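Sequence order for the protein chains is A and B.
Going left to right, the first sequence walks through residues 3 to 121 as our numbering numbers them.
Going left to right, the second sequence walks through residues 3 to 121 as our numbering numbers them.
Cβ atoms here follow ideal geometry from the backbone N, Cα and C, with glycine treated the same way.
These numbers come from a predicted model, not from an experiment.
2 protein chains.
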Amino acid sequence: MVFKAEESGHEVTAIFNGVSLDSLNNYSFLKEISLKLLKESGFNILESSEHVFQPQGYTFMVLLSESHFALHTYPEYNSIYFHLYTCRKRDTEKIFSTLKEIFNPKEVVLRKEVVRVKF
Amino acid sequence: MVFKAEESGHEVTAIFNGVSLDSLNNYSFLKEISLKLLKESGFNILESSEHVFQPQGYTFMVLLSESHFALHTYPEYNSIYFHLYTCRKRDTEKIFSTLKEIFNPKEVVLRKEVVRVKF
Chain A
3 MVFKAEESGH
13 EVTAIFNGVS
23 LDSLNNYSFL
33 KEISLKLLKE
43 SGFNILESSE
53 HVFQPQGYTF
63 MVLLSESHFA
73 LHTYPEYNSI
83 YFHLYTCRKR
93 DTEKIFSTLK
103 EIFNPKEVVL
113 RKEVVRVKF
Chain B
3 MVFKAEESGH
13 EVTAIFNGVS
23 LDSLNNYSFL
33 KEISLKLLKE
43 SGFNILESSE
53 HVFQPQGYTF
63 MVLLSESHFA
73 LHTYPEYNSI
83 YFHLYTCRKR
93 DTEKIFSTLK
103 EIFNPKEVVL
113 RKEVVRVKF
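Below, the structure is given as structure tokens:
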């Protein structure tokens with residue numbers, strides 16, 4: 003049987019503003035907590051890649067069976083950008099509410115989009 | 003001098019619907035043309051990863067100095083999803099207009115968002 007994707011994908015973009023530099027610059031924690039939350043929400047991790055920028059900044063990307071996840075830190079603005087795209091229904095609410103509890107941002111700008119992939 | 007990101011990031015999501023299976027399933031071409039267009043628009047490629055799904059489907063992700071790029075094919079719907087996020091001003095128009103010329107989709111759904119990363 004050929005796998006058939008759902009007719010709509012789900013995209014979540016979140017900006018966490020006003021995050022403390024201590025938690026924002028803890029790259030290994032950012033990576034581990036992202037992988038943990040993705041797994042707990044039923045995502046299947048295929049591969050991940052990361053880059054530590056000099057003198058500051060971090061990018062982490064995850065290739066999922068269900069599409070992809072990415073985060074970028076902005077230490078100069080105390081901000082983190084998160085992006086998650088999934089072609090299968092998953093509990094993305096839990097991921098972002100838990101990240102919010104952990105990183106305690108002063109402001110969260112969250113945008114969700116339903117992406118229709120069937121013509 | 004510490005690099006200071008621009009205060010706004012730019013996100014482009016494009017769905018190409020009605021793409022022929024021949025071009026959609028040509029993974030090496032999808033990869034090469036994406037890298038070529040990103041480079042031509044001034045993006046700096048740091049790392050890329052890809053996954054060929056069984057029995058069908060392809061994901062390609064690129065970690066950029068300027069953030070990230072991702073694509074996912076939906077052969078079951080003749081569609082390709084593209085996502086590009088850049089923390090620095092780049093000519094993203096050219097990338098998507100050229101992709102459109104090449105893949106000749108019956109429909110394009112393009113969404114652009116300005117993402118404010120400064121609190």
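- The CB of residue 70/A comes closer than 9 Å to the CB of 61, 63, 70, 72, 74 and 85 in chain B, given here in chain order.
- Residue-level contact check: residue 44/A does not touch chain B, since none of the beta carbons of chain B fall below 8 Å from its beta carbon.
- Along the stretch 23-40 of chain B, none of the residues has a CB nearer than 9 Å to a CB of chain A.
- The beta carbon of residue 48/A falls within 8 Å of a beta carbon belonging to chain B, placing the residue at that interface.
- DSSP places residue 8/A outside both helix and strand once states are collapsed to three, so it counts as coil.
- In summary, the residues of the stretch 104-119 of chain B whose CB is separated from some CB of chain A by less than 8 Å are 108, 109, 111, 113, 115, 117, 118 and 119, in the order they occur in the chain.
- In this structure the stretch 79-88 of chain B touches the stretch 17-32 of chain B; the number of beta carbon pairs closer than 8 Å is three or more.
- Residue pairing from DSSP places residue 15/B in a beta bridge opposite 85/B and 113/B.
- When C-alpha distances from residue 43/A are compared across 93/A, 100/A and 99/A, the shortest belongs to 93/A.
- Under the three-state reduction of DSSP output, residue 69/A falls in the strand class.
- In terms of Cα proximity to residue 118/B, the closest of 64/A, 35/A, 72/A and 112/A is 112/A.
- For residue 49/B, the uninterrupted beta strand (DSSP E) segment begins and ends at 47-54.
- Of all alpha-carbon atoms in 89/A, 96/A and 9/A, the one lying nearest the alpha-carbon of residue 69/A is that of 89/A.
- For residue 24/B, the enclosing alpha helix (DSSP H) starts and ends at 23-26.
- By the CB criterion at 8 Å, residue 74/B and residue 87/B fall outside the cutoff.
- Residue burial annotation: residue 64/B is buried, with at least 16 other C-beta atoms found within 10 angstroms of its C-beta.
- Its chain contains 14 as the residues whose beta carbon lies nearer than 6 Å to that of residue 114/A, once the 5 sequence neighbours on both sides are disregarded; these appear in chain order.
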